[in-house]
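Just below is one structure, and these are the notes that go with it.
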Amino acid sequence: GAGVSQSPRYKVAKRGQDVALRCDPISGHVSLFWYQQALGQGPEFLTYFQNEAQLDKSGLPSDRFFAERPEGSVSTLKIQRTQQEDSAVYLCASSLLGVSQPQHFGDGTRLSIL
Amino acid sequence: KQEVTQIPAALSVPEGENLVLNCSFTDSAIYNLQWFRQDPGKGLTSLLLIQSSQREQTSGRLNASLDKSSGRSTLYIAASQPGDSATYLCADLAWAGGTSYGKLTFGQGTILTVHP
């Protein structure tokens, strides 16, 4: 596709369940970012991949959060034993390599934990 | 830790009015400053990007300025229209991994409503 694609668009889970969120970056984009956006707030950085390597996971809030990009394309953000404070919109962005390259954002996955 | 603050949190104006959104950041060692638009249920659309060596950028009715020394940026919207209604986010980009990537730090956004 032409843009960053995220699925599902909406996810409702019960507290304690595991969830997996998917991101399909723009073809050829080496860099991939995950952000978490709480209601009424700006996005916050979670983690960064360069191809399949996870170079920065400093923003992951706890060890319940895990991200992977095994073949350097599609990425999955997994949250184990979900808690209510995990409710947020999770945004994925991709870019070409280089700090000057603009990040292109997907429409996000809205996660609600009951 | 870099912090980005946006004022006001919300703004409601009549159509046709000129308006200014404010953004301040604590660390002046940034690579660039961006303004994004976010519509409900959607991702982010980049509006303007100002490199750290620049003072302003213009696109149509939008003008963004950057003053690194004071840690401030403003987004000026001329002749506002109902279609401009959205959340506007500013974000600065700081070096994180040498030349390979940078981290965006966002403000909390300004919710703009332009009524007919």
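Those sequence lines, one after another, are chains A and B. 951 is the number of the first residue of the first sequence in the working numbering; add one for each residue after it. 59 is the number of the first residue of the second sequence in the working numbering; add one for each residue after it. Ideal Cβ placement from N, Cα and C applies to all residues, glycine included.
At a Cβ-Cβ threshold of 8 Å, asparagine 1001 of chain A and glycine 1022 of chain A count as neighbours. For threonine 1032 of chain A, no pairing in a beta bridge is given by DSSP. Annotation: tryptophan 93 of chain B has no Cβ neighbours in chain A at a cutoff of 8 Å; minimum Cβ distance is about 12 Å. Distance from the CA of glutamine 60 of chain B to the CA of threonine 84 of chain B, rounded to the nearest whole angstrom, comes to 6 Å. Judged by DSSP in its simplified three-state form, aspartate 85 of chain B adopts coil rather than helix or strand. Taking a Cβ-Cβ threshold of 7 Å, the residues of chain A close to lysine 161 of chain B are Phe995, in chain order. Distances from the alpha-carbon of serine 128 of chain B to those of B:Glu75, B:Ser86, B:Ala122, B:Gln64 put B:Ser86 closest. Contact annotation, serine 138 of chain B with leucine 77 of chain B: C-beta distance approximately 6 Å; criterion of less than 8 Å satisfied.
In the displayed model, proline 975 of chain A falls within coil according to three-state DSSP, outside both helix and strand.
Distance from the CA atom of glycine 990 of chain A to the CA atom of proline 98 of chain B, rounded to whole angstroms, is 11 Å. When the five nearest sequence neighbours on each side are left out, no beta carbon in the same chain lies closer than 6 Å to the beta carbon of serine 111 of chain B. Listed along the chain, the chain B residues whose CB falls inside 9 Å of the CB of serine 957 of chain A amount to none; the nearest CB is some 13 Å away. DSSP, read as helix, strand or coil, puts glycine 1058 of chain A in coil. Between the alpha carbons of valine 62 of chain B and aspartate 125 of chain B lies a distance of about 14 Å. The contact set of tyrosine 998 of chain A on chain B, defined by CB atoms closer than 8 Å, consists of Ala154, Gly155, Tyr159, Lys161 in chain order. A residue is called buried once 16 or more other Cβ atoms fall within 10 Å of its Cβ, and glycine 118 of chain B, having fewer, is exposed. Between the alpha carbons of isoleucine 88 of chain B and glycine 1056 of chain A lies a gap of roughly 24 Å. Judged by their CB atoms, tyrosine 985 of chain A and leucine 1041 of chain A are nearer to each other than the 8 Å cut-off. Below the 8 Å Cβ cutoff, chain B contributes Gly99, Lys100, Gly101 as neighbours of aspartate 1057 of chain A, in chain order. A residue is called buried when at least 16 other Cβ atoms come within 10 angstroms of its Cβ; serine 981 of chain A meets this threshold and is buried.
Residue contact check for leucine 147 of chain B against chain A: a CB pair falls below 8 Å. For the C-beta of serine 981 of chain A, the chain B residues within less than 9 Å are, from N- to C-terminus, Ser158, Tyr159. When C-alpha distances from phenylalanine 164 of chain B are compared across B:Glu75, B:Pro72, B:Phe94, B:Val71, the shortest belongs to B:Phe94.
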